[in-house]
Each structure stands twice: as C-alpha cells, then as structure tokens.
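Asker:
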Amino acid sequence: MRGRLVVLLGLLGVAAGCGSGGGTPAAPAGPFTLVSGPLVTLVCLRELPAAAPGASVERTALAPDGSMVAVGNDAGHVRVFDPVSGTQTSALTLPVPGTRWNGTPSGQFAVGYGLQLTGLAFLAGGAELLAVNGYGTLVRSAAADGTVLATTELPVAVACIAVNAAGTHLAVGTDRGAIEEFALPGLAPVRTYRAPDDAGLVRFLRYGPGDTTLLSALHHYNPEDDIVGGLTGTVLNGGLTRWDTATGALDLRFGGPFGTASAFQDPGTSEVLAGTEGRVGHVFHGTTGAALQDGFELHAGLGPIMVGGGVHAASCGFRSMVVVRAADRALIARADRGARLSRFTPRSFSSATATGRYAVGRQDGTAAVYEVTALAAPQLPQIVALDDLLGSAAGIALRVTGELVGHIDQVVEIAVSHDGRFVLTRDASGQVLVWEPPIAPVTLKPGETASTTVTALGTNLGICPKSPARITFGPSGDTALARTASGDLLRIALPAGTVTQTVQVMQGAAPVDVRAALDVDASRMLVASRQGGLFECNASGLVLQVLVADEPVGPDLPVPMPFSTLMHWPDGQILVAPRAFQPDLGGTQAPAFFDTVSLTAGSQLMEPYKDGRFAPLAGGSACVLGERFGRRGLLVYTAPTWLPQAGANRAAPGQGFSGIGGGSLLGAHGTHLQVLREQAGAIVSGALAHGFAARATAFGGSDVSGRGYVGLANGQVMEISAD
10 MRGRLVVLLG LLGVAAGCGS GGGTPAAPAG PFTLVSGPLV TLVCLRELPA AAPGASVERT
70 ALAPDGSMVA VGNDAGHVRV FDPVSGTQTS ALTLPVPGTR WNGTPSGQFA VGYGLQLTGL
130 AFLAGGAELL AVNGYGTLVR SAAADGTVLA TTELPVAVAC IAVNAAGTHL AVGTDRGAIE
190 EFALPGLAPV RTYRAPDDAG LVRFLRYGPG DTTLLSALHH YNPEDDIVGG LTGTVLNGGL
250 TRWDTATGAL DLRFGGPFGT ASAFQDPGTS EVLAGTEGRV GHVFHGTTGA ALQDGFELHA
310 GLGPIMVGGG VHAASCGFRS MVVVRAADRA LIARADRGAR LSRFTPRSFS SATATGRYAV
370 GRQDGTAAVY EVTALAAPQL PQIVALDDLL GSAAGIALRV TGELVGHIDQ VVEIAVSHDG
430 RFVLTRDASG QVLVWEPPIA PVTLKPGETA STTVTALGTN LGICPKSPAR ITFGPSGDTA
490 LARTASGDLL RIALPAGTVT QTVQVMQGAA PVDVRAALDV DASRMLVASR QGGLFECNAS
550 GLVLQVLVAD EPVGPDLPVP MPFSTLMHWP DGQILVAPRA FQPDLGGTQA PAFFDTVSLT
610 AGSQLMEPYK DGRFAPLAGG SACVLGERFG RRGLLVYTAP TWLPQAGANR AAPGQGFSGI
670 GGGSLLGAHG THLQVLREQA GAIVSGALAH GFAARATAFG GSDVSGRGYV GLANGQVMEI
730 SAD
C-alpha cells in the first residue's frame with residue numbers, strides 16, 4: 010500500500026510541476042545532430058522536460074544497455090524515460106523521513122542536502138532502480154512502472170553512491186570522509202573504507218575495471234571547527250583515492266589536481282582519467298598515481314566519462330561538450346553554444362559505456378540524452394584538392410588549391426617552413442597536425458588529387474588560444490619546437506611528427522617561465538621568458554648566457570613585455586620581436602635582427618607598434634611590420650638599414666597577414682580575403698569579393714613555395730596560391 014501511495018504522490022508531483030500553470034509539458038525535442046564526422050557523430054536523442062519549475066536535476070542514470078534513462082531533481086522526484094522516443098515510463102517521489110541526525114558531525118549537510126536526491130543507479134541489468142536522498146532514505150523500485158520493492162533507512166547520511174558492475178555491492182559516500190559498502194539486495198553491511206586522515210564530504214564514487222578497485226574523491230573540512238566553534242569549517246579540496254575492494258585498504262593516492270568530481274579507469278591502458286571542479290581533465294598513471302606530463306587538459310566541467318567505441322565524452326562546462334579519442338586523448342569533436350548542446354548549466358552527467366550514450370541533467374530541471382558513435386571508417390586528416398579561382402586584386406591572381414581537413418576547433422596558429430615543405434597547424438584545443446603539401450603550386454584537372462602526407466602530432470599542447478606563437482621551425486626546416494601549456498618545450502622531428510625530446514629550460518636551479526623558443530642550430534636555442542628576458546641555452550635547456558635580463562615590474566613598467574616572436578629570417582638572421590613595446594621605455598624592447606653565430610643584436614625597428622606581426626618579402630631583403638587589427642597599418646622595412654620605406658597603410662588586414670612570395674601578402678578582414686603587394690616601398694592593397702563562411706583566425710605562408718594558408722574559426726585551413 011505504501012509503495013502505491015509513493016508512486017501516486019510521485020505522479021501527482023510530476024503532473025503538477027510540468028509546464029506552466031500545471032499544463033502538460035512540451036513534447037521533448039530530438040533527435041538532432043550536433044557533430045557529424047570526420048571521426049565521430051554526436052547526436053542528441055532527446056531533450057527531456059522539467060518535472061517541476063525551479064528544481065534542478067541533481068542525478069541522472071542510464072541502464073547498462075542504454076534503453077532507459079532516469080532523471081532525478083533536488084526535490085526528490087525521479088522519472089524514467091525511453092531515451093529514443095522520450096516517453097516517460099515511470100515516476101516516484103522519495104518519502105520524507107522523520108528528522109534524524111544520522112551521525113552527521115555538522116548539521117549543515119543534513120539541512121542543505123537531506124531531502125535532495127544524492128544517488129541514482131540501475132540494478133539487475135536495468136530492471137530495478139535505486140534512489141537515495143541525503144538523509145539516507147533509499148528506495149528500490151521496478152524501473153518499468155515505478156513499483157516500490159523496498160524502502161530502507163541507511164544508518165549514514167548519503168552524499169553519493171556507486172553500484173559495481175556485477176550489481177552485488179553498493180558503495181555509499183558519507184559526509185564524514187568514510188565510504189560504507191553494503192551487499193545487494195539486502196543491504197547488509199560489508200566494510201568501511203576510510204583513511205586515517207580523511208574527514209569531509211565524499212563527492213564522487215566509481216568502481217574500477219573488474220570491480221577490484223573503488224575510486225573516490227572528497228572535500229575535506231574541519232569538523233571540530235564546525236561543532237565547537239560554530240564555524241562553517243575550512244573547505245579544502247581533497248584529491249582522488251583508489252581502494253582495494255577485496256581488503257578495503259587504501260590502494261593508491263593520486264597526485265593533483267584536487268577537488269576531483271569524476272574519474273574513470275581505462276581498462277585498456279590502466280590510465281585513470283579525472284575531471285576536476287576546476288573544469289580541467291587530467292590523466293594519471295594507473296600504477297604510480299603520478300599525473301602524466303602530457304595529460305588530458307581539455308576544459309571538462311563535469312569530468313571525462315568513457316562511452317565506448319574508443320572515445321571519451323566530457324561535459325565542457327557551460328553549453329559545450331567535447332569528444333576525445335581514447336588512444337591519444339586528442340580532441341576529435343566539439344559541440345559549442347550555437348549547436349543547442351546545453352542551453353542551461355549542466356548539473357549531472359552519466360553514461361552507458363557499452364552503448365555510447367550519456368545523459369546530462371541541467372540546472373533548469375530539463376535533461377538530455379546524447380549518443381556518440383565512432384565511425385567505422387574514420388576520415389583521417391587529409392588535404393582535399395581544390396582548383397577554385399578566387400579572383401585578382403592588387404595585380405595578384407589567387408587560387409584555392411587545397412583544403413586541409415582535420416581540425417574540429419578554431420585554428421589559432423599556422424607555422425610554415427621557409428621552403429614550404431612542412432606546415433604545422435594548431436587549434437584552440439592544443440591539437441597539432443603536420444602537413445606535407447606539394448612543394449610547387451599545381452593546377453589540378455578534374456579528378457586529380459595533390460600528393461600529400463599528413464601526420465597528427467602524438468601530443469596535445471594544451472589550450473592556450475591567446476598565444477599565437479607556440480611553434481617555431483629550426484633553421485633546416487626538418488625540426489620544430491613547440492611550447493606546451495606547462496611551459497616545457499617539445500622538439501619535433503619532421504615529417505614523422507614524433508617528439509624526440511622534452512626540454513625544461515633552467516637558469517641554474519631555477520626554471521625559466523618560457524614565452525617563446527627557437528632552435529638556433531643543433532646545439533643552441535634562443536628562449537624568451539614571460540618576464541621579458543632573452544636567453545641563449547644549450548639543446549638540453551640550460552641557460553648559457555643572458556642576452557636581455559628579466560624586467561622587474563615597477564611603476565614605469567606595470568607588466569612585463571616579453572619577446573613573443575622569434576623566427577629565422579630567409580637571409581640567415583634571426584628576428585626577435587616583442588608582443589608590445591614603447592620606445593621611451595628603452596631600446597632593448599624593440600624588434601631586432603640577431604646574428605645567428607654570436608647572437609648579438611643588429612638593426613632595430615623602432616616604430617611604436619604594439620602586438621606587431623612580421624612577414625618577409627622578396628627573399629628576406631624586405632619585411633612588413635603591421636599592428637594587429639590594422640590600427641596603425643603596415644610599414645615596409647628594407648635591408649641593410651632596416652629603416653621604414655613607406656608610411657602606414659590604413660587598409661591593413663584586420664585579422665593578420667602572411668607573406669606568400671614575390672613581395673605579396675595575404676590577409677583578411679572578417680570573412681573576406683585581402684591581397685597586398687609591396688611596390689617601391691609602398692603597400693598596394695585590394696579586397697577580394699569572395700568570402701569564407703567563418704572568419705579568419707590564423708595565417709601562414711612561404712616566400713619560396715608561393716603558397717599561403719588561412720585558418721578559420723570553424724577548423725578549416727585553406728591553401729591559397731598566388732599567380
């Protein structure tokens with residue numbers, strides 16, 4: 010009788026809370042495609058309506074076969090849906106228990122989370138559903154119709170739960186730093202997991218592969234301060250811990266980051282992926298627990314979740330989601346705000362590993378079910394041959410000869426070797442692709458393809474879209490340096506794209522905060538620090554001499570002005586240029602050409618440009634300096650004095666530019682290309698009517714090959730040749 014009453018109350022509560030004025034809820038939306046290839050498809054199967062206005066979804070759960078999804082809000086309402094049709098199959102409302110202390114060291118958890126749904130999980134292959142609130146009131150029901158099979162008052166407050174794959178054990182995270190394990194279905198106590206120094210709220214639980222381990226994470230606080238001093242307690246973020254389920258002993262403490270909210274142990278590699286509340290995902294070594302140097306560092310608001318098919322899906326915070334390839338943790342799909350991914354802040358995240366489905370609960374009470382499918386024959390990065398005439402401007406005819414397909418995020422950097430043999434492109438996720446296009450421009454006939462080699466770099470440089478200079482080529486063009494998000498340098502062999510060396514730059518015993526780096530030759534590097542210093546280092550990263558000392562921040566220099574551009578010039582010199590400088594603060598911050606043997610500064614370019622961009626013209630005997638967004642236009646400098654030969658040209662491209670040979674430049678304003686040519690020390694420009702669908706975000710070019718590259722906000726890279 011009590012079970013029927015609970016079901017009836019739940020159905021009444023759902024009916025009363027749906028829609029406005031108690032009307033019927035709107036039909037669920039879906040399906041619609043968020044991402045389509047080249048490696049995966051990401052589809053929203055259904056968007057599910059809210060049960061009650063103002064009640065956020067605190068927990069979601071998917072049946073192991075993905076055939077049912079359970080959605081529970083902070084008012085204790087639980088509903089079960091068919092994720093394909095969106096049909097609601099059952100509902101219940103957790104009963105309100107009498108006021109109980111439950112051994113809580115602080116009354117805050119019971120007051121704040123007592124009635125709130127804190128755990129939701131399917132049992133018996135999806136036939137049954139467990140739902141529990143903060144007070145420890147646990148209801149086991151039939152998933153098909155919501156019939157209550159049992160109601161149990163657990164002896165502890167419940168912050169989270171996990172059910173092992175075999176369905177024989179229930180782990181309960183408490184507000185006292187302990188994990189209580191019970192046998193199913195009778196809920197007989199099995200053991201307590203607890204480290205001697207642990208206290209606080211267990212925020213996350215998950216059984217590892219084969220149910221042999223249990224992953225947990227908690228928030229520490231000082232219960233003495235709570236009770237004796239009447240304070241709220243000092244909240245400290247607790248890290249990820251792994252337990253042995255056979256003995257209950259602490260198996261491993263993983264290194265930072267702390268505040269872990271979700272984790273998954275990959276059965277294929279034994280790596281542990283963890284998503285933190287700081288919205289950064291990381292990878293830990295499954296044996297030592299150490300954080301891997303080149304870990305998964307995509308912004309993941311609710312942590313990476315394994316969804317099968319060789320991919321991970323991760324909630325990417327507010328209105329965004331990413332899909333990551335499990336083998337190398339490279340970002341292979343991204344759905345952003347404009348793709349209707351999540352219209353409201355996500356609150357919960359769950360998955361059905363075998364099916365590639367996962368559910369996201371939102372703060373407004375709605376939920377959605379998504380499905381990731383890895384393509385059987387994935388489309389690898391490639392150059393698609395094109396032969397599209399763009400038109401003529403400023404005496405230059407341009408033709409799009411290829412599209413470099415492989416990035417799925419905004420392209421933020423394009424580096425081209427001087428001879429045009431290699432092109433390295435980086436997107437906002439940190440993924441780097443190595444392209445080996447044809448050396449000479451070609452005119453393609455219908456059905457012909459351009460011979461090319463494409464390599465995906467086996468590392469992720471981390472997210473840093475505001476740093477435009479992360480990759481530099483060596484003098485021979487057969488090697489490149491790339492700076493990671495942590496400041497380490499990776500030396501890359503081309504065309505294989507393999508990392509041959511990881512370098513940490515050290516000045517004595519102190520690490521240098523690297524801003525940019527360049528291989529001078531096989532034994533030396535030039536390194537610029539974020540504090541405005543310039544150093545000569547050996548190939549292992551040890552500082553040999555200080556060329557420009559770090560600048561202390563003072564009243565006349567409120568922020569350091571680092572040398573952000575280091576590049577080999579076609580005539581054999583090295584150009585060193587700051588991100589911003591002002592001549593009245595001293596000449597050491599001006600762009601200068603350095604001798605590659607002695608590394609002594611030669612001619613300086615003293616024009617007051619901020620955020621300057623540089624491009625070589627006419628084999629290196631001339632160069633163009635332009636300020637970003639074209640506020641001061643372009644200036645042409647000629648050797649050997651490197652004095653400006655022309656005044657500013659107000660028609661300068663707004664998004665940037667690059668040289669493409671023969672004294673020509675390629676740039677863009679918005680979605681339209683701009684062509685510029687140096688004639689007698691002046692800049693002649695003209696805009697092409699042809700425009701791209703997405704705005705230009707990066708440029709690169711080769712004076713020798715006569716090809717330029719334009720990176721777009723949608724991940725496309727266009728190869729353009731000048732005739």
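Residues 10 to 732, numbered by the working numbering, are exactly what the sequence shown covers, in order.
Cβ coordinates follow ideal geometry from the N, Cα and C atoms, glycine included.
Hey, out of M77, G209, R343, S279, whose CA is closest to R366's CA?
Answerer: Nearest option by C-alpha distance: M77.
Asker: What separation, rounded to the nearest whole angstrom, lies between the Cα atoms of D712 and G374?
Answerer: Straight-line Cα distance between these residues: approximately 57 Å.
Asker: Between R149 and L139, how many whole angstroms is the CB-CB distance? I'm expecting something under 8 Å.
Answerer: Correct: roughly 6 Å between the Cβ atoms.
Asker: Per DSSP, what kind of secondary structure is G135 in: helix, strand or coil?
Answerer: Helix.
Asker: I'd like the ranges of any beta strand (DSSP E) spanning at least 3 consecutive residues and lying wholly in the segment 408-451.
Answerer: Counting only runs of 3 or more, we get 420-425, 432-436, 440-445.
Asker: Give, in chain order, every unbroken run of the beta strand (DSSP E) that is at least 3 residues long and sits entirely within the segment 50-84.
Answerer: Listed in chain order, the complete beta strand (DSSP E) runs (minimum 3 residues) inside the segment 50-84 are 66-71, 78-82.
Asker: Once you ignore the five residues that flank A627 on each side, which residues in its own chain have a CB closer than 6 Å to its CB?
Answerer: Counting only Cβ-Cβ distances below 6 Å, and skipping sequence neighbours, we find G672.
Asker: Is the beta carbon of G720 within less than 7 Å of some heavy atom of the ligand SAM?
Answerer: Of ligands this structure carries none, so the ligand SAM is not represented either.
Asker: When DSSP labels each residue in this structure, what does D154 get in the three-state scheme?
Answerer: Coil at D154, not helix or strand.
Asker: Ignoring anything shorter than 3 residues, give me the beta strand (DSSP E) runs that lie fully in the segment 528-575, in order along the chain.
Answerer: Within the segment 528-575, the complete beta strand (DSSP E) runs of at least 3 residues are 533-538, 543-547, 552-557.
Asker: Which partner residues does H86 have in the DSSP bridge list?
Answerer: BP columns for H86 point to T102.
Asker: Just how far apart, CA to CA, sit P579 and T488?
Answerer: So the two alpha carbons sit approximately 16 Å from each other.
Asker: Quick check on DSSP: helix, strand or coil for D91?
Answerer: Three-state result, D91: coil.
Asker: Do you know offhand how far A531's Cα is from S549's?
Answerer: Using only the alpha carbons, I get a separation of about 11 Å.
Asker: Out of L697, A437, T69, point me to the one whose CA is closest to G85's CA.
Answerer: Residue T69 is the option with its Cα nearest to G85.
Asker: Sorted by chain position, which residues of the same chain lie with C-beta nearer than 6 Å to V52's C-beta, five sequence neighbours on each side aside?
Answerer: Hits under 6 Å: P40, T42, E380.
Asker: So, at 6 Å on beta carbons, what are the nonlocal neighbours of L249 in its own chain, with the 5 sequence-adjacent residues on each side left out?
Answerer: Cβ neighbours of L249 beyond the five flanking positions: A226, F263, T269, A272, A283.
Asker: Considering only the beta carbon of each residue, do L101 and G155 sit closer than 8 Å?
Answerer: In this structure, G155 lies closer than 8 Å to L101 by Cβ.
Asker: How about Q682 and R704: do their beta carbons lie closer than 8 Å?
Answerer: Correcting the residue identity first, residue 682 is Leu in this sequence and not Gln. The answer is no: Cβ separation not under 8 Å.
Asker: Indicate the three-state DSSP secondary structure (helix, strand or coil) for D712 in the structure shown.
Answerer: Looking at D712 - three-state DSSP - the assignment turns out to be coil, as it is neither helix nor strand.
Asker: So, helix, strand or coil for A627, using DSSP?
Answerer: Three-state DSSP puts A627 in a helix.
Asker: Taking the alpha carbon of P446 as the point to measure from, which residue in H577, Q582, T127, S714 has its own alpha carbon closest?
Answerer: The option with the nearest alpha carbon to P446 is S714.
Asker: How many angstroms separate the CA atom of L674 from the CA atom of T574?
Answerer: So the alpha carbons of these two residues sit roughly 19 Å apart.
Asker: Among residues of its own chain, excluding the 5 on either side of L453, which ones have a beta-carbon nearer than 6 Å to its beta-carbon?
Answerer: Residue placement at L453 cannot be trusted, given a pLDDT of 43 that sits under 50; the coordinates are not used to answer.
Asker: Between the Cα of H427 and those of L57, P194, Q582, spot the shortest distance and give me the residue it belongs to.
Answerer: Checked all of L57, P194, Q582; the closest Cα to H427 is Q582.
Asker: Can you round the beta-carbon distance between A192 and V199 to whole angstroms, since I take them to be within the 8 Å contact cut?
Answerer: Contact holds; Cβ gap of about 5 Å.
Asker: According to DSSP, what are the bridge partners of I692?
Answerer: Looking at the DSSP assignment, I692 forms a beta bridge with E687.
Asker: Residues in the same chain with beta-carbon distance under 6 Å from L733, minus the five sequence neighbours each way, listed in chain order, please.
Answerer: Residue 733 is absent from the model: the chain starts at 10 and stops at 732.
Asker: By alpha-carbon positions, which one of D184, A136, A133 ends up nearest to G143?
Answerer: The option with the nearest alpha carbon to G143 is D184.
Asker: Distance check for L214 and G635, CA to CA, integer angstroms please.
Answerer: Approximately 54 Å, taken between the alpha carbons.
Asker: Compute the distance between the beta-carbons of T127 and V141, then report whether it is under 8 Å.
Answerer: Cβ distance < 8 Å, so T127 and V141 count as in contact.
Asker: Keeping to the same chain, check which residues put their C-beta closer than 8 Å to that of D559; ignore five residues upstream and five downstream.
Answerer: Once the five neighbours on either side are set aside, the close Cβ partners of D559 are S538, Q540, G541, G542, P569.
Asker: Give me the DSSP bridge partner(s) of I392.
Answerer: DSSP lists L413 as partners of I392.
Asker: Within 10 angstroms of its Cβ, does D436 collect 16 or more other Cβ (buried), or is it exposed?
Answerer: So D436 ends up on the buried side.
Asker: Compute the Euclidean distance between the alpha carbons of M727 and G319, then round it to the nearest angstrom.
Answerer: Answer to the nearest angstrom: the Cα atoms are 30 Å apart.
Asker: Between the alpha carbons of A505 and W444, how many angstroms are there, rounded?
Answerer: Taking the straight line from one Cα to the other gives about 10 Å.
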